[in-house]
């Protein structure tokens, strides 16, 4: 939606909320900025579209017909527009607070914080996020936000995907049904159009951007589908050991997670870290910058190099938002 249209719709809502009596279309035309004061036909088309859009998002515009007036009047009754008082039981508040903690760790912190502020402004408990329960969710996978939005919008997506145990990358077109966390990893579950069958995709194996395909609302989730069960049926990956050079005095988290750390030559130590997914390991090691370097196995080392090259290219792109 354009900025001009957004401002016009907002001005229309404010105008219809503020009036104590219904306003005719002609009165609205002169009171709300953005309507054409000269072209009657253009104004009528725009006004009808605006009323329809506001009603579709749940804003109740009432129409009043006065027998003494030729034209109908419009207004928004404040009691119908405002939300009722929100009351939450302690267990409900705990669940919402727990969900907010999840999204704050899932690159959706701004939306989660905004939702909490709105609930608190509406009278909900102020300590929603202060829960005795603690969650730890790692969603550093770049594909997560786009897939989450696609599931929300019921929209198909396309992305490049590297299969397990293979270096080949294939383009997939998927109708996503949900995004599920299992064992600290995130998976997208949906219908693979190319294979015409349900499939599960690990987010850490998605390379490049996730792009929407078609219109929102085109994806239908089958009734009774059990996303967690589908993810649970995937074979557990075989764990391997990565040999990593670690600069002395750095990377305390990696050292703590390593199964063994040996003093190496010069300013470097050697750490042995267990891993199952090279891409996931690469995201971790690349975030440590020059203080860690994968020596072995080759596929994990190449995965880190790809991550660093991608970050370098993005940093050099003048069109990239920072």
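Residue numbers (this note's numbering): 33 to 354.
Don't be surprised by glycine CBs; every beta carbon is placed ideally from N, CA and C.
Model, not experiment: these values are computed from the prediction.
Who pairs with residue i in a beta bridge, going by DSSP?
i: residue 37; result: Looking at the DSSP assignment, residue 37 forms no beta bridge with any residue, so it has no partner.
i: residue 94; result: 107
i: residue 191; result: 204
i: residue 212; result: 219
Go to residue i, then tell me how far its beta strand (DSSP E) extends in each direction, as first and last residue.
i: residue 261; result: Counting along the chain, residue 261 falls outside any beta strand (DSSP E), though it belongs to the alpha helix (DSSP H) covering 259–264.
i: residue 234; result: 229–234
i: residue 100; result: No beta strand (DSSP E) holds residue 100; DSSP gives it neither H nor E.
i: residue 82; result: Element bounds for residue 82: not the beta strand (DSSP E) but the alpha helix (DSSP H), 72–88.
i: residue 272; result: 272–279
i: residue 222; result: 217–224
Please classify residue i: does DSSP put it in a helix, a strand, or coil?
i: residue 330; result: helix
i: residue 295; result: strand
i: residue 240; result: strand
i: residue 308; result: coil
i: residue 207; result: strand
i: residue 58; result: helix
i: residue 247; result: coil
i: residue 303; result: strand
i: residue 290; result: coil
i: residue 52; result: coil
i: residue 45; result: helix
i: residue 356; result: Not covered by the structure: residue 356. The range shown for the chain is 33 to 354.
i: residue 285; result: helix
i: residue 342; result: helix
i: residue 66; result: coil
i: residue 256; result: coil
i: residue 313; result: helix
i: residue 173; result: coil
Please report the residue range of the alpha helix (DSSP H) in which residue i lies.
i: residue 323; result: It is not in any alpha helix (DSSP H) - residue 323 carries neither H nor E in the DSSP assignment.
i: residue 182; result: 176–185
Here's a check: name, in chain order, each residue in its chain whose Cβ is nearer than 6 Å to the Cβ of residue i, leaving out the five neighbours to either side.
i: residue 210; result: 183, 221, 259
i: residue 314; result: 335, 336, 339
i: residue 39; result: none
i: residue 296; result: 302
i: residue 61; result: 67, 75
i: residue 102; result: none
i: residue 47; result: 63, 64
i: residue 323; result: 279, 282, 283
Within the same chain, show all residues whose beta-carbon is closer than 7 Å to that of residue i, passing over the 5 residues directly before and after it, in chain order.
i: residue 54; result: 96, 105, 106, 107
i: residue 98; result: 105
i: residue 326; result: 274, 276, 317, 332, 333, 336
i: residue 262; result: 221, 230, 232
i: residue 287; result: 278, 293, 303
i: residue 248; result: 185, 186, 187
Taking 6 Å as the cut-off, does the CB of residue i come closer than this to any heavy atom belonging to the ligand COA?
i: residue 303; result: For the structure depicted, the ligand COA is absent and the ligand set is empty, with no information on it obtainable.
For residue i, which residues in the same chain have their Cβ closer than 8 Å to its Cβ, ignoring the five residues on either side in sequence?
i: residue 188; result: 182, 205, 206, 207, 208, 225, 244, 245, 246, 250, 251
i: residue 309; result: 217, 234, 236, 237, 269
i: residue 300; result: 277, 278, 279, 280
i: residue 219; result: 211, 212, 213, 232, 233, 234, 235, 263, 266
i: residue 292; result: 303, 304
i: residue 94; result: 54, 106, 107, 108, 109, 112
i: residue 76; result: 57
i: residue 36; result: 66
i: residue 79; result: 57, 60, 61, 67
i: residue 200; result: 194
i: residue 289; result: 305
i: residue 45; result: 86, 91, 108
Quick check: is the beta carbon of residue i nearer than 7 Å to any beta carbon in chain D?
i: residue 310; result: Of the chains in the structure shown, none is chain D; there is only one protein chain.
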